[in-house]
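Numbering (the numbering used here), first residue to last: 10 to 483.
Even glycine gets a Cβ: it sits at the ideal position worked out from N, Cα and C.
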Amino acid sequence: MNSQTARRPNKPKSTRPTRSRRYTKQTAHVEARRDGKPLIFGWGGHLSRTEKTHLQRRSIWVLASLVALAIIGTIAYAWINLNILIPNHTITSVNGEAIHLGDYRKMAALQAQLHVNKIGSLTTQSDTLSKQSSDLQKTIDATNKQIDDLNKQIAGLKADESAKRADLEKQLNDAKTKVQDTQKQKDALDAKNNDITANQIPNEQQLYTQSQVANDSADWLQQDVLIRQWESKQNNAVRAQVEPSSSAIEQALKDFKNAIPKTDGDKYQKFLDKDRVSDQDIRAMLGVQVRRANMQKYLASLDKSPSYQVQARGLTLDTKDNAQKALDRLKKGEDFAKVAKEMSKDTNTNTKGGDFGWMAPGQYALDYTQKVGGAVDNWLFDPARKVNELSPIISDAGSFHIVQVTGIEQSKEVDSKKLQDLQTSALELWIVKEKARLGSKITAVDLDTILDSSNIPSDVPSSPPSQQNPTLGG
10 MNSQTARRPN
20 KPKSTRPTRS
30 RRYTKQTAHV
40 EARRDGKPLI
50 FGWGGHLSRT
60 EKTHLQRRSI
70 WVLASLVALA
80 IIGTIAYAWI
90 NLNILIPNHT
100 ITSVNGEAIH
110 LGDYRKMAAL
120 QAQLHVNKIG
130 SLTTQSDTLS
140 KQSSDLQKTI
150 DATNKQIDDL
160 NKQIAGLKAD
170 ESAKRADLEK
180 QLNDAKTKVQ
190 DTQKQKDALD
200 AKNNDITANQ
210 IPNEQQLYTQ
220 SQVANDSADW
230 LQQDVLIRQW
240 ESKQNNAVRA
250 QVEPSSSAIE
260 QALKDFKNAI
270 PKTDGDKYQK
280 FLDKDRVSDQ
290 DIRAMLGVQV
300 RRANMQKYLA
310 SLDKSPSYQV
320 QARGLTLDTK
330 DNAQKALDRL
340 KKGEDFAKVA
350 KEMSKDTNTN
360 TKGGDFGWMA
370 PGQYALDYTQ
380 KVGGAVDNWL
390 FDPARKVNEL
400 SPIISDAGSF
410 HIVQVTGIEQ
420 SKEVDSKKLQ
430 DLQTSALELW
440 IVKEKARLGS
450 KITAVDLDTI
460 LDSSNIPSDV
470 PSSPPSQQNP
480 TLGG
């Protein structure tokens with residue numbers, strides 16, 4: 010049986026001899042990727058394109074990461090600088106207690122707004138007085154018209170109408186009296202209004218400047234440290250009179266809010282947003298204001314008559330060398346009056362033997378240093394002083410002084426006017442004496458920092474408005 014499957018015919022093998030095969034390394038595709046061009050600064054020519062691409066991508070990611078870190082670091086530093094470093098910068102210190110820029114900024118915001126509130130309050134008073142004056146003028150005009158009518162009626166009366174004449178004349182006299190009285194009221198209101206518009210408002214505007222706000226803010230903070238340090242040494246009864254209560258601060262805040270000039274929306278919130286302070290910041294600064302007021306009230310209550318007084322005389326010299334010469338002459342026994350006449354620069358006392366008369370505590374600072382120096386006052390009223398005791402050279406209020414106690418009275422009447430002045434200036438006098446007592450323990454204020462416009466509310470003028478001189482009539 011024949012198979013039906015077709016068979017491939019057998020091919021005869023080639024008789025050509027087999028060629029020898031030579032192996033060639035296939036590197037053409039690799040060489041094609043090496044262009045020989047450097048990647049950066051002559052380096053990288055040995056790298057392939059793929060390697061260069063990978064390296065470039067890594068470099069970009071690293072650079073982007075470094076830039077991102079730099080940005081984050083800058084933002085973090087700015088935040089730390091703005092919220093921690095700068096606010097904690099010390100602008101001054103009192104007896105070892107630092108006053109920081111952060112508190113100064115809060116106080117500057119309060120001080121600036123207090124000036125604005127004062128100007129606004131005076132303007133409101135002026136407007137009210139103007140309206141009252143206008144109303145009184147209307148009354149005067151109406152009454153003058155009534156007087157004219159009465160005069161016409163009287164002129165038209167017949168001779169036999171005596172009773173009616175008497176009645177009309179009484180009405181006329183009453184009307185004239187009313188005009189006179191109303192005119193006096195109007196004149197008083199106009200005088201008060203003129204004082205506000207011509208003096209008080211311009212004076213307040215002169216004080217509303219960056220330098221004044223800065224100095225007042227630093228002064229208040231320094232003085233508050235003095236008060237608090239003194240208060241910490243007092244008994245509970247005294248502390249209760251000086252330390253501000255929460256209700257007093259709440260009332261101060263209410264008064265502060267009401268005094269802010271009217272604007273659209275929440276005027277208090279606008280003030281907080283504008284000056285970048287919080288409600289708690291303002292409450293803290295108002296606490297300083299209330300403490301000052303309480304301290305003034307307490308100190309004024311201590312000024313009474315009769316009071317401990319000293320009688321004294323003194324010399325005021327312009328240099329320490331001259332003061333030493335004067336002191337040497339006095340110690341040698343020269344007449345005090347003669348030395349005072351020849352050397353003292355105080356024109357109020359040098360012709361009177363340097364005599365100050367009798368003085369109550371604080372009176373020397375009030376009368377002779379214009380409340381800017383307290384060292385002499387401190388020496389004179391030290392309980393250790395004795396009659397005829399001569400002081401060393403005392404530097405006070407920019408001059409050099411030598412004083413001598415010539416009399417001491419434990420209880421002596423104080424002139425009523427002088428007592429009132431002492432009571433009114435009680436806090437100021439206490440502060441100058443405390444500053445004189447502490448001396449170098451109060452460091453100088455960093456003026457460059459507090460006067461920097463970035464640390465003062467932006468709407469505070471750098472200088473006061475110019476005042477126009479009144480035109481002289483010819």
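- Around the beta-carbon of lysine 115, 16 or more other beta-carbon atoms lie within 10 Å, marking it buried.
- In this structure, histidine 124 lies near leucine 216, with their beta-carbon atoms less than 8 Å apart.
- For arginine 248, the secondary structure class from DSSP, reduced to helix, strand or coil, is helix.
- Beta-bridge pairing by DSSP links phenylalanine 409 to Leu326 and Ser404.
- Per DSSP, aspartate 204 is one residue of the alpha helix (DSSP H) stretching across 171-204.
- By the C-beta density criterion, proline 392 is exposed, having fewer than 16 other C-beta atoms within 10 angstroms.
- The distance from the Cβ of serine 462 to that of glutamine 219 is about 7 Å, consistent with a contact at the 8 Å cut-off.
- For lysine 354, same chain residues with a beta-carbon under 6 Å away, outside a window of 5 residues either side, are Thr325 and Asp327 in chain order.
- Per DSSP, histidine 109 is one residue of the beta strand (DSSP E) stretching across 106-109.
- Per DSSP, aspartate 461 is not a residue of any alpha helix (DSSP H), being assigned neither H nor E.
- Around threonine 132, the same chain offers Ile210 as residues with beta carbons nearer than 8 Å, after the five sequence neighbours per side are excluded.
- Alanine 223 places its beta carbon less than 8 Å from that of isoleucine 465.
- Here glutamine 413 is buried. Its C-beta has 16 or more other C-beta atoms within 10 Å.
- About 6 Å separates the beta carbon of glutamine 134 from that of isoleucine 205, a gap short enough to meet the 8 Å contact definition.
- Residue pairing from DSSP places isoleucine 451 in a beta bridge opposite Val103.
- In this chain, the alpha helix (DSSP H) harbouring phenylalanine 345 covers 345-352.
- With 16 or more other Cβ atoms inside 10 Å of its own Cβ, tryptophan 388 counts as buried.
- Leucine 166 carries a coil assignment under DSSP once its states are collapsed to helix, strand and coil.
- Counting every other CB atom within 10 Å of its CB across the protein chains shown gives valine 76 a total below 16, marking it as exposed.
- Assigned with DSSP and collapsed to three states, glutamate 418 falls in strand.
- Per DSSP, glycine 366 lies in no alpha helix (DSSP H) segment; the continuous beta strand (DSSP E) that holds it begins and ends at 364-368.
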